[in-house]
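Below you'll find the structure, written out as structure tokens, and then a few comments.
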Amino acid sequence: MRPRSGQNDRVSNRQALRLAVPNHGAVARSLLAVFVLAAVALYFGPAGAATSTAAAGAIAGAIALQDNNPIGRIPVVLAVSVQLGAAVLIGSLASSVTLVFIGVIALWCFVAGMQWAVGAPAGLIAGAASLLLVIQQPASAWAAAVSALFALLAGLTQAALIAVRPPRRWRREREALSKVYRSLSADARRLATDPDAKVDSSQLLELKEAFSNDDTAPSRPTPAYRDWHALPDQIAKTLMALRGKADGHDAIRDLLTAAADTLAAIAEQSRAARRDAEYALKGADAAATSVTMSEAAVAQRLSRQLHRADGLRFGRRRLSDWTAAVRRAAALTYSHLNTKSPIARHAVRLAGAAAAGTALARFAEVPAGHWIPLTVLLVTRPETAHTYTRCVGRVAAICVGVVVASALTALWHPTGLAAALLAVAFLALTHAVAAFGFIATTAGFAATIASVLDISGTPPASVSDVVFAVAIGGALAVLAHVLVPDDALIRLRQRAGELLKTEIDYAATVIKAFVHDLENPSDTLAAAWQRAFRARAAFEAAAGATRIESRELRRWMRSYRAGLNAVTSSCAALEANLPAHPSETLGREFVLAVDEFVEVLRGDPPTPAAPWSVDTEQLAVAERQLREAAAQLASDESAARALVAEIGAITRSLADITVDERDRAAS
């Protein structure tokens, strides 16, 4: 890999930093709900209820605001609320018997660790509930039940707030979707009667702009989030494939009419629209089955796309849909119950370290001992390298947050409502600094936890005691990875996936710089390069520590390195042709095509359950659409044409890497 000077004279705009706060109004409403319910629990609930209520509200609010899944936001928060209430109830009942409490923490944390198999969001949610479990104090059955109800109410309130008044970005995206589905419905009706009709592309372009021109949108969206704005474009292409074929073919005319009815219902948001869409889908399915063999494939594709649009728009309608999703998640989790799975090993490490920390705090009577398991839960991650490299940073951030909170406590001595107000202030600060990375977020969250623990008026521990307990927790997290390391080949695969992801992030940053101004371009490109360079070093270190006896594996590593070097060479060529500013004559369709290619290139969010990879089929489709848009460029757009050529080379290199990966897996 070539050395970087980090020099570039470009002036650019908003790539380097994305605001993590979805909407200031939504955050303010969430914080107000946390404070109000904590105050209610403080005055009307048993001892400790206010602490659990504030913590549950903060966790549920953060999940509701940061979830980028376009459907199921409310059900997810509802499920989290139940989980938080259960953590409070079980923790309060078990806390009075130390051995039982340790066993409960071990079992709960093992299950929480296994939830990383479903994805990082599920794992983080389960870990957040574990935080609530380990801070519980002994309580009677009645007090435990009331505290659990307050925690449940805090979560349900956050769900209600997000349902009644979603963040502005979500409302804007929904409005754009409604417009595009209404437009597609009108297009389908015209195609059913006019053989010369065409699909109006203006609403499709506005939809892409609504999703791409928003700094608060997720930087690495989920597949469902991408489908929200990619699916209408696919439906439009399928409708155009049926253009001119309805004349004299009643089945195709009926299909287009039923599709128009379905799309019109999907465009609405009412409960009646759900029923109308379900009824119209039955008509579309019936019409699709009656289409002749020559157009049957297109008809069935349109039927599948309408079902996907209905599912994305309205979510799961029936209880059976949710139970099926739960069964799939359970089956996926069960498949990782083996000794080589990185998820199972993480679950063992998390359970062992949290239980050991609780035992040490209880039996050794460590002052501020609850910070030991808290730190374990905040620091431990499935990837060994992430725990090692980020442990010191996270532990230091926790110490900074605790010291800041303790300094204010020493000056002010807040308890009750004052402590709740301070906790809400620190929570607001956490939302504000989330854009600056995990260290700033961890520090803010630690200060929030310290203030939440003061709400119930427990005797405050000294700063030195808390820092000592945090250091013990960090040491236990690292020790767990030493005692239960990842399998060598699994670790090599993980490092390979991380290297591929960082190389692609670097390529995506360079590509996007051709069509968008970046803020501090030299720093942005240099930072992306440095991440890729560190990932390459980690991959080579893992390769050097692994005994590679398989000839197929050695061949794969050679081709893998060659493919990544080709991607790096293309990025170097792109930087050499990078203009000082994006051309003002680039067409709107070309810019959006580049944005869509970058989005597909970045792929799905990484998950520790499997190495990160690229969907080369979607990437090839996005690259072809980019070439079609580039055909409309002026002949003097040399930089844009160089961009298109290198994007083609990157696509081919990634396709070769994926083919070699499949061949290795098959062998």
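full-length UniProt numbering numbers the first residue of the sequence shown as 1 and each following residue consecutively. Glycine residues also receive a C-beta, built at the ideal position from the N, C-alpha and C atoms.
The C-alpha of A277 lies about 18 Å from the C-alpha of A299. With respect to the 8 Å criterion, I74 and A128 are not classified as neighbours on the basis of their beta carbons. DSSP places F211 within a helical segment (H, G or I) once states are collapsed to three. With contact defined as three or more Cβ pairs closer than 8 Å, the region 400–411 and the region 504–512 are not in contact.
Within 10 angstroms of the beta-carbon of M293 lie fewer than 16 other beta-carbons, which makes it exposed. Residues T651, A655 of the same chain have their beta carbon placed closer than 8 Å to that of A620, with the five preceding and five following residues left out of the count. For T380, the three-state secondary structure derived from DSSP is coil. Under a 10 Å Cβ-count criterion, Y181 is classified as buried, with 16 or more other Cβ atoms of the shown protein chains found around its own Cβ. The three-state secondary structure of A267, taken from DSSP, is coil.
With distances taken between CA atoms, L191 lies nearest to D254 out of T415, D254, G473, A397.
In terms of Cβ geometry, A480 and T442 do not form a close pair [threshold 8 Å]. Q158 carries a helical assignment under DSSP once its states are collapsed to helix, strand and coil. Contact check between the region 158–175 and the region 241–251: fewer than three CB pairs, one atom from each, fall below 8 Å, which does not count as touching. Membership of E540 in the alpha helix (DSSP H) is indicated by the continuous run 521–544.
In this structure, A477 sits near C391, with a CB-CB distance shorter than 8 Å. DSSP places S81 in the uninterrupted alpha helix (DSSP H) bounded by 73–94. With at least 16 other beta carbons inside 10 angstroms of its own, S341 counts as buried.
C-alpha of A432 to C-alpha of A440: approximately 10 Å in a straight line. When the beta-carbon positions are compared, G473 and T375 come within less than 8 Å of each other. Only residues of its own chain outside the window of five on either side were considered, and among them I90, G91, A94, L133 have a CB closer than 8 Å to the CB of V104, listed in chain order.
F44 sits in a helix when the DSSP states are folded into three classes.
Annotation for R349: the continuous alpha helix (DSSP H) segment containing it runs 342–363.
If the five residues before and after P373 are omitted, its C-beta is found closer than 6 Å to the C-beta atoms of V134, A354, G357, T358, all from its own chain and listed in chain order. The straight-line gap separating the alpha-carbon atoms of A87 and A236 is approximately 47 Å.
Each of D200, V27, W228 was checked against the Cα of A210, and the nearest Cα belongs to W228.
Proximity to M114 across S583, H346, R588 peaks at H346, based on C-alpha coordinates. With a cutoff of 8 Å on beta-carbon distance, R558 and L499 are scored as not near each other.
Note that the C-beta distance between I343 and A527 is not below 8 Å. When the Cα atoms are used, I511 and T262 turn out to be separated by approximately 38 Å. The C-beta of T333 has 16 or more other C-beta atoms within 10 Å across all chains shown, which makes the residue buried. Between the C-alpha atoms of R624 and A642 there is a straight-line separation of about 15 Å. The region 323–333 makes no contact with the region 443–458: fewer than 3 CB pairs, one atom from each, lie closer than 8 Å.
At a Cβ-Cβ threshold of 8 Å, L578 and F539 do not count as neighbours. Rounded to the nearest whole angstrom, the CA to CA distance from T157 to L32 is 11 Å. Under the DSSP assignment, R561 falls in the alpha helix (DSSP H) whose first and last residues are 551–576.
Between S52 and S147, the beta carbon gap of about 5 Å places them in contact (Cβ cut-off 8 Å).
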